[in-house]
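If you read the sequence shown in my numbering, its first letter stands for residue 256, the second for the next number, and so on. Glycine included, each C-beta is placed from N, C-alpha and C at the ideal position.
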Amino acid sequence: MSILLTSGVVPTRAGHLNPCAKITAIVLLGVPLLLSIDLVSSTILLAAELVALPLLGLGPRLLGRYAWPMLVGLGGIVVANLVAGGSIGSLGVVTVRLIALALPGLLLVLTTDPVHLADALVQVWHAPARLAYGALAAFRLIPLLAGEWQSLRRARRARGLDAGRNPVVAVRLAAGTLFALLVVAIRRGIRLAAAMDSRGFGVRRDRSHARPSRFSRVDWAFVAGTAVLAAVAVTVSVGTGHWHFLFA
């Protein structure tokens, strides 16, 4: 996750899409993947995603660079299910579904500027500015807190507080460092909240926007194409008799 947070936005063709269009596409693809446990619909959606991602600018090189943490986590889930007694066939279905769910999310994270995402949520979906820009500010604080964690660890090591090879001492020092990081986060949050309130983020009235965010024809076409793809996957699965409703 830290790799994705500090890598910045990857310049691709998908970066020109409205963030709300990409979120809508994720929902449209996620609904059939979450409602059924069949292999047909998930395979169709995964194959379509693997074809579409290079067209949107995420080729094999970029996927190999940024998707490996997702693959490591997926491997851990598969191993855990296998140890718990899952069959090879069910593990294959779960693996395909998880990859099909994760790839659109990876596209959103890598190609979306958080500032543009907050602008789109406020202007397109009319989300409250306090919530949207507050979430943006919190997201921006995550890399800063990661840096604070490293600084706290170096400061403690400089004062001679080192656990060595003792796991008990290591846990105790980590707990102390985590508490210090919590104090730093609260102080930063209070200062940031005061700064945002002083700039009118809590005022309930029409706001002007420096960066207009609108749905273009390309965005509508992208959403419509995603909806058609999800409908085709469900139709083929139902028609071939493989559709298996999750709650049936």
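Which residue marks the beginning of the alpha helix (DSSP H) containing residue i, and which one marks its end?
i	result
Arg490	Note that residue 490 is Thr in the sequence shown here, rather than Arg. From DSSP, the alpha helix (DSSP H) with Thr490 extends over Arg472 to Gly494.
Leu289	Pro274 to Leu290
Thr432	Pro422 to Ser453
Gly319	Pro315 to Tyr321
Taking the alpha carbon of residue i as the reference point, which residue from the options has its own alpha carbon closest?
i	options	result
Ala440	Arg408, Leu272 and Ala393	Ala393
Lys277	Gly314, His371, Gly496 and Leu416	His371
Leu311	Ala425, Trp323, Gly331 and Leu361	Leu361
Leu329	Leu386, Glu304, Leu356 and Arg427	Leu356
Val286	Val489, Ala435, Leu358 and Gly415	Val489
Gly389	Arg408, Arg443 and Val424	Arg443
Ser468	Thr367, Ala435, Gly402 and Ala429	Thr367
Ala322	Thr432, Leu363, Ser297 and Phe456	Leu363
Ile354	Ser297, Ile397 and Trp498	Ser297
Val351	Arg427, Thr432, Ala430 and Ala302	Ala302
Ala448	Leu386, Trp404 and Ala435	Leu386
Asp474	Val265, Val264 and Gly270	Gly270
Gly496	Ile292, Ile445 and Thr279	Ile292
Gln378	Ala465, Leu396, Leu407 and Asp417	Ala465
Arg358	Ala476, Gly455, Leu284 and Leu400	Per the sequence presented here, residue 358 reads as Leu, with Arg not at that position. Nearest option by C-alpha distance: Leu284.
Cys275	Val483, Ser471 and Gly494	Ser471
Val573	Leu288, Ala476 and Leu317	Outside the shown range of the chain (256 to 503) lies residue 573, about which nothing can therefore be said.
Arg454	Gly331, Pro309, Val334 and Ala384	Ala384
Arg395	Pro369, His381 and Gly419	Pro369
Gly319	Val349, Leu365 and Val282	Leu365
Looking at the strands, I want to know which residues DSSP matches up with residue i.
i	result
Ser406	Answer by DSSP bridge pairing: none, since Ser406 is not bridged.
Phe500	Ser291
Is it buried or exposed for residue i, if we count other Cβ within 10 angstroms and need 16 for buried?
i	result
Asp452	exposed
Val424	exposed
Leu337	exposed
Asp374	buried
Ser257	Residue placement at Ser257 cannot be trusted, given a pLDDT of 48 that sits under 50; what the coordinates show is reported in the next sentence. Ser257 comes out exposed.
Leu437	exposed
Phe500	exposed
Trp498	buried
Thr481	buried
Thr261	Low confidence applies here, because Thr261 scores a pLDDT of 47, under 50, leaving its location unreliable and the question unanswered by this model.
Asn273	buried
Ile445	exposed
Phe434	exposed
Ser463	exposed
Ser492	buried
Ile397	exposed
Val327	exposed
Ile299	buried
Leu289	exposed
Val478	buried
Val348	buried
Val295	buried
Would residue i count as contacting chain C if we go by Cβ distances under 7 Å?
i	result
Leu400	Although the question refers to chain C, the structure presented lacks it and comprises just one protein chain.
- [ ] Jot down the residue ranges of each uninterrupted alpha helix (DSSP H) in the stretch 328-402, minimum 4 residues, whole runs only, in chain order.
- [x] 343-366 and 369-378
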